[in-house]
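Participant: Just so we're aligned: the sequence shown equals residues 14 to 296 in the numbering used here. We put the beta carbon where it would ideally sit given N, CA and C, even for glycine. Quick caveat, the model's predicted, so the values are computed rather than measured.
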Amino acid sequence: MIFVLISLFVLSAVCAWKLSQWHTEQAKQAHVESYLSAKKDGRLTRLNRFITHLGKNHQQDLEQQFVDAGFYNTQFTKYYVPAKLTLVIFTCVVVLMSDLSFTNQAAIGAVAMIAILLVPEMVLSMRKKALILKTSRQLPYMLDMMSVCVQTGMTIEAALTYLSTELEAFDRDLCFHIKKTADSARVKGLEKALIELSERIPTPDVRSFTLTLIQNLQYGTSIANVLSALAEDMRKMQVLTMEEKIGKLAAKMSVPLILLIMFPIVILILAPGMMQMTVDIGQ
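1) From D293, Q251 and V80, pick the residue whose C-alpha is nearest to that of Q151; which is it?
2) Count Cβ pairs between the region 155-165 and the region 232-246 that sit closer than 8 Å; are there 3 or more?
3) How should R56 be labelled, buried or exposed, when 16 other C-beta atoms within 10 angstroms of its C-beta is the threshold for buried?
4) Within 10 angstroms of its Cβ, does A119 collect 16 or more other Cβ (buried), or is it exposed?
5) Below 8 Å, can you find three or more Cβ-Cβ pairs linking the region 190-209 to the region 164-171?
6) Taking the Cβ atom as the reference point for each residue, do S211 and I191 lie within a distance shorter than 8 Å?
7) Just the C-alpha distance for M255 and V292, rounded to the nearest angstrom, thanks.
8) Measure the beta-carbon distance from A82 to K141 and round it to whole angstroms, keeping in mind my assumption that it falls under 8 Å.
9) Between which two residues does the alpha helix (DSSP H) holding F189 run?
10) At the level of alpha carbons, what is the spacing between F183 and V101?
11) What do you get for F103, buried or exposed, if any count of 16 or more other CB atoms within 10 angstroms of its CB means buried?
12) Could you pull out every residue in the same chain whose Cβ sits closer than 7 Å to the Cβ of K227, ignoring the five residues on either side in sequence?
13) Under a Cβ-count criterion, where at least 16 other Cβ atoms within 10 Å of its own Cβ denotes burial, should M288 be classed as buried or exposed?
14) At what residues does the alpha helix (DSSP H) containing F79 begin and finish?
15) May I ask which residues mark the beginning and end of the alpha helix (DSSP H) holding S114?
16) Closest to K249 by C-alpha separation, out of D218, V132 and K261, would be which residue?
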């Protein structure tokens, strides 16, 4: 009996020792795999961290610049500055490795660097101006829809929230600004959100719209008829602006008319006589 108990004790001790060894080996293997995985991830992400760190100081301003230009997906803006620097370095290497003279290399390198550094900024600025004008032109249609929403009993906040989804198929850019205004109104209040909207789109039409809504918030005036009248006034102003541009077109066309039509006609009229006089003088 004692021998059986001793045998069971020894067997259990051996099993416990083997189990402990197996557990230790599994822990070591898991630790090594986790270390190798972390090292591998670090190698893969080290370059990404370095690249994104280059433009980190101006990341928020750059994202706002892209949003103002109509690029609302800002996840790739962190690669904007590194891409420009990489392109500059690549251009410099290509120019230096070419067989051109030093003067030509300097000229081509300077022009290429100016184009790489300034042209994207100019494109973003031009897109921002065009986007502001386009959004301002579409505002009367949004005012009519908002007037209908208010007449059905919606509040201004509810109307903005509704239009932020319904305007997606009509105008994506206007929908983005309305949605941003509706989201900001929930956090900062409607008046502050409207002021930010007028700052993002600094046009007289948007300023009139925001001031009208702010006046309604402060004094409780009727807003539905005012929105319809404001939309009609905006359309009239757009028509007057178009008529003004058409009126200026005649004066602008006078310069190419004189340079490209009148001068060639004068030359065609005088050329045969001048040629005949030259022949007569030569004889």
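Facilitator: Here's the rundown:
1) Q251
2) Cβ pair count under 8 Å is three or more, so yes.
3) With a pLDDT of only 49 at R56, under 50, the local geometry of the prediction cannot be trusted, and no value is derived from it.
4) By the beta-carbon neighbour count (other beta carbons within 10 angstroms, threshold 16), A119 is exposed.
5) yes
6) no
7) 55 Å
8) 5 Å
9) Per DSSP, F189 belongs to the alpha helix (DSSP H) from R185 to K201.
10) 40 Å
11) exposed
12) Inspection of the sequence shows that residue 227 is occupied by Ile rather than by Lys. The answer, listed in chain order, is E204 and L207.
13) exposed
14) Q72 to D81
15) Here S114 belongs to no alpha helix (DSSP H), and DSSP marks it neither H nor E.
16) D218
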